[in-house]
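Residue numbers (the numbering used here): 222 to 584.
Cβ atoms here follow ideal geometry from the backbone N, Cα and C, with glycine treated the same way.
Notes to accompany the following structure.
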């Protein structure tokens with residue numbers, strides 16, 4: 222694939238591969254352009270503008286000319302390009318995109334449309350291109366499908382799932398609709414919160430990584446946070462609320478390694494820890510799980526920092542307990558079990574807290 226290092230929106234909109242990706246995306250094209258966007262995140266705005274330009278052409282109603290008309294129309298497009306003394310950037314790009322689409326067979330009728338509206342100009346197409354239109358991506362395959370939205374956000378759509386999203390987001394918010402399961406890595410934008418509507422649950426973020434599982438035939442909707450923080454609230458109607466005077470909704474704030482579960486049967490929203498919380502610290506810091514005559518307060522503090530959890534225990538009772546252990550490779554629950562066994566204690570998980578019960582150490 223070309224590197225396109227110096228391509229602007231107009232160049233991209235005239236590229237045959239880019240046009241095919243916008244017009245009829247295939248898994249191969251999706252993979253190629255997603256990889257290119259990941260390597261060139263600074264081109265996200267150029268890509269968004271190029272998509273608008275191509276979609277402005279594609280949005281016209283279909284009319285099919287004869288072969289003779291197609292030949293005459295192609296000749297006219299060529300003359301317009303050659304004879305226009307000082308065309309605007311938009312109009313020049315519009316004509317070039319039309320030519321490429323005509324050659325590819327995707328919109329052979331475009332020149333006919335252009336000739337009919339030549340007197341009115343292209344203002345109408347520009348106005349249309351600014352109207353948000355939702356697209357839908359459906360993953361009917363066996364493997365996860367990665368997508369890049371116009372704001373640079375990355376989404377991994379799981380099999381048997383679908384996502385509805387606008388070609389370009391508005392100035393106030395970014396809203397998408399999920400059916401099924403997906404992992405979201407949201408580009409940070411403090412001025413435009415990102416909202417995911419999934420069945421009866423709404424997840425609101427500014428920029429973070431999280432996953433949502435919301436299949437229509439399952440009793441629960443689950444949101445899991447990997448990084449950052451998100452707010453989650455129930456909305457039984459499943460419809461977006463845009464008015465500023467809408468009633469205040471009670472919700473939950475989730476941190477990494479926390480999940481929200483919405484029971485659709487009784488409309489109840491609860492918060493808890495992951496079954497297997499992941500480490501939140503860099504790999505080089507994991508050596509902190511080598512304990513030699515360590516006070517229990519230091520041991521629990523290391524776990525809290527590493528997993529983003531809160532451990533509740535009686536500091537006075539546990540003050541006489543010390544730990545000698547290497548716990549680098551174990552999961553959080555195995556770590557807790559080994560620690561409690563060493564100091565004659567027990568633990569339980571309540572919501573997002575870990576409660577440790579012990580009688581102290583006499584030796």
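Same chain, Cβ closer than 6 Å to residue 567, neighbours up to 5 away in sequence not counted: Along the chain shown, one-based indexing puts residue 567 at 346. Excluding sequence neighbours, residue 567 sits near 561 and 578.
So, are the CB atoms of residue 545 and residue 513 less than 7 Å apart? To locate residue 545, count along the chain shown from 1; it is residue 324. To locate residue 513, count along the chain shown from 1; it is residue 292. At a Cβ-Cβ threshold of 7 Å, residue 545 and residue 513 count as neighbours.
Along the chain, where does the beta strand (DSSP E) that runs through residue 512 open and close? For the purposes of this step, residue 512 is identified with residue 291 of the chain shown, where counting begins at 1. Note, residue 512: beta strand (DSSP E), 511 to 516.
Taking the straight line between their C-alpha atoms, what separation do you get for residue 417 and residue 542? Here residue 417 is taken as the residue at index 196 of the chain shown, counted from 1. Here residue 542 is taken as the residue at index 321 of the chain shown, counted from 1. Cα to Cα, the separation comes out at about 47 Å.
Between the Cα of residue 572 and the Cα atoms of 530, 580 and 564, which residue gives the shortest distance? Within the chain shown, residue 572 is the residue found at index 351, counting from 1. Minimum Cα distance to residue 572 is reached at 530.
Starting from the N-terminal side, write out each stretch of the beta strand (DSSP E) that is 3 residues or longer and does not extend beyond the segment 406 to 480. Whole beta strand (DSSP E) segments, 3+ residues: 415 to 419, 422 to 426, 430 to 435, 441 to 448, 451 to 455 and 472 to 475.
Can you list, in chain order, the residues of its chain whose CB lies under 6 Å from that of residue 606, leaving out five sequence neighbours each side? Limits of the chain in this structure are 222 at one end and 584 at the other, which puts residue 606 out of reach.
Residue of 426, 385 and 376 minimising C-alpha distance to residue 404: Residue numbering aside, residue 404 sits at position 183 when the chain shown is read from its first letter. Scanning 426, 385 and 376 for the CA closest to the CA of residue 404 turns up 376.
Hey, residue 454 and residue 482: beta-carbon distance below 7 Å or not? Residue 454 sits at position 233 when you count from the first residue of the chain shown. Residue 482 sits at position 261 when you count from the first residue of the chain shown. The Cβ atoms of residue 454 and residue 482 do not sit closer than 7 Å to each other.
Should residue 346 go down as buried or exposed, given a rule of 16 or more other Cβ atoms within 10 Å for buried? Here residue 346 refers to the residue found at position 125 when the chain shown is read from its first residue. In this prediction, residue 346 has a pLDDT of 47, which is less than 50 and means its spatial position is unreliable; what the coordinates show is noted afterwards. It is buried - the Cβ of residue 346 has at least 16 other Cβ atoms within 10 Å.
Decide if the segment 532 to 541 is in contact with the segment 442 to 453; the criterion is three or more beta carbon pairs, one per stretch, under 8 Å apart. Taking one beta carbon from each stretch, the segment 532 to 541 and the segment 442 to 453 have fewer than 3 pairs nearer than 8 Å; the two do not touch.
Who are residue 367's beta bridge partners in DSSP? One-based indexing of the chain shown puts residue 367 at position 146. Paired residue(s): 377.
If the criterion is Cβ atoms closer than 7 Å, does the pair residue 360 and residue 389 meet it? In the chain shown, residue 360 corresponds to position 139, counting from 1. In the chain shown, residue 389 corresponds to position 168, counting from 1. Result no, Cβ atoms of residue 360 and residue 389 do not sit closer than 7 Å.
Tell me the rounded alpha-carbon separation between residue 480 and residue 430. As a first step, residue 480 is located in the chain shown; it is residue number 259 there, counting from the start. As a first step, residue 430 is located in the chain shown; it is residue number 209 there, counting from the start. C-alpha of residue 480 to C-alpha of residue 430: approximately 12 Å in a straight line.
Determine whether the Cβ of residue 439 lies closer than 7 Å to any Cβ atom of chain C. Among the protein chains of the structure shown there is no chain C, as only one such chain exists.
Alpha helix (DSSP H) containing residue 530: first to last residue? To locate residue 530, count along the chain shown from 1; it is residue 309. Neither: residue 530 is in no alpha helix (DSSP H) and is coded neither H nor E.
Which residue marks the beginning of the beta strand (DSSP E) containing residue 492, and which one marks its end? Residue 492 sits at position 271 when you count from the first residue of the chain shown. It spans 489 to 494 - the beta strand (DSSP E) in which residue 492 sits, taken as one unbroken run.
Report buried or exposed for residue 576, applying the criterion of at least 16 other Cβ atoms within 10 angstroms of its Cβ. The residue given as residue 576 occupies position 355 in the chain shown. Looking at its Cβ environment, which holds fewer than 16 other Cβ atoms inside 10 Å, residue 576 is exposed.
Find out if the Cβ-Cβ distance for the pair residue 448, residue 477 is shorter than 7 Å. By one-based count along the chain shown, residue 448 stands at place 227. By one-based count along the chain shown, residue 477 stands at place 256. Yes, Cβ-Cβ distance for residue 448 and residue 477 is below 7 Å.
Just the Cα atoms here: how many angstroms apart are residue 489 and residue 439? Taking the chain shown and counting its residues from 1, one reaches residue 489 at position 268. Taking the chain shown and counting its residues from 1, one reaches residue 439 at position 218. Near 15 Å, if we compare the C-alpha coordinates of residue 439 and residue 489.
Are residue 234 and residue 265 close, meaning C-beta to C-beta below 7 Å? Your numbering for residue 234 matches position 13 in the chain shown. Your numbering for residue 265 matches position 44 in the chain shown. Residue 265 is positioned such that its CB atom lies no closer than 7 Å to that of residue 234.
From residue 473 to residue 419, what does the alpha carbon distance come to, in whole angstroms? For the purposes of this step, residue 473 is taken as residue 252 along the chain shown, with counting starting at 1. For the purposes of this step, residue 419 is taken as residue 198 along the chain shown, with counting starting at 1. Inter-residue distance for residue 473 and residue 419 is about 16 Å (C-alpha atoms, whole angstroms).
Tell whether a beta-carbon distance below 7 Å holds between residue 370 and residue 378. In the chain shown, the residue the question calls residue 370 occupies position 149. In the chain shown, the residue the question calls residue 378 occupies position 157. Result no, Cβ atoms of residue 370 and residue 378 do not sit closer than 7 Å.
Assigned secondary structure, residue 485 (DSSP; H/G/I helix, E/B strand, else coil): To locate residue 485, count along the chain shown from 1; it is residue 264. Residue 485 falls in the coil class under three-state DSSP.
DSSP on residue 387, reduced to helix/strand/coil? On the chain shown, position 166 is the one that residue 387 refers to. Residue 387: strand per DSSP, three-state reduction.
Leaving out the 5 sequence neighbours to the left and right, which residues in its chain are closer than 6 Å to residue 413 when beta-carbon positions are compared? In the chain shown, the residue the question calls residue 413 occupies position 192. The residues 394 and 395, in chain order, have a CB closer than 6 Å to that of residue 413 in the same chain once the five nearest residues on each side in sequence are set aside.
Output the distance between the C-alpha atoms of residue 355 and residue 437, rounded to the nearest integer angstrom. On the chain shown, residue 355 is found 134 positions in, with the first residue counted as 1. On the chain shown, residue 437 is found 216 positions in, with the first residue counted as 1. Near 21 Å, if we compare the C-alpha coordinates of residue 437 and residue 355.
Quick one: residues in its chain with C-beta nearer than 6 Å to the C-beta of residue 557, no 5 flanking neighbours on either side, listed in chain order? Along the chain shown, one-based indexing puts residue 557 at 336. Contacts found: 568.
Return the chain-ordered list of same chain residues with a C-beta closer than 8 Å to the C-beta of residue 262, the five sequence neighbours on each side being excluded. In the chain shown, the residue the question calls residue 262 occupies position 41. Listed in chain order, the non-local C-beta contacts of residue 262 below 8 Å within the same chain comprise 373, local neighbours out to five positions each way being set aside.
What is the residue span of the beta strand (DSSP E) that residue 544 lies within? Indexing the chain shown from 1 puts residue 544 at position 323. That run of the beta strand (DSSP E) goes 543 to 547.
Pop quiz: residue 408 and residue 428 are said to be a contact at Cβ under 8 Å. What is the actual Cβ separation, rounded to whole angstroms? In the chain shown, counting from the first residue as 1, residue 408 sits at position 187. In the chain shown, counting from the first residue as 1, residue 428 sits at position 207. Going by Cβ atoms, the distance from residue 408 to residue 428 rounds to 6 Å, so yes, they are a contact pair.
Assuming residue 567 is part of the beta strand (DSSP E), what are its boundary residues? Position 346 of the chain shown, counted from the start, is the residue given in the question as residue 567. That run of the beta strand (DSSP E) goes 566 to 571.
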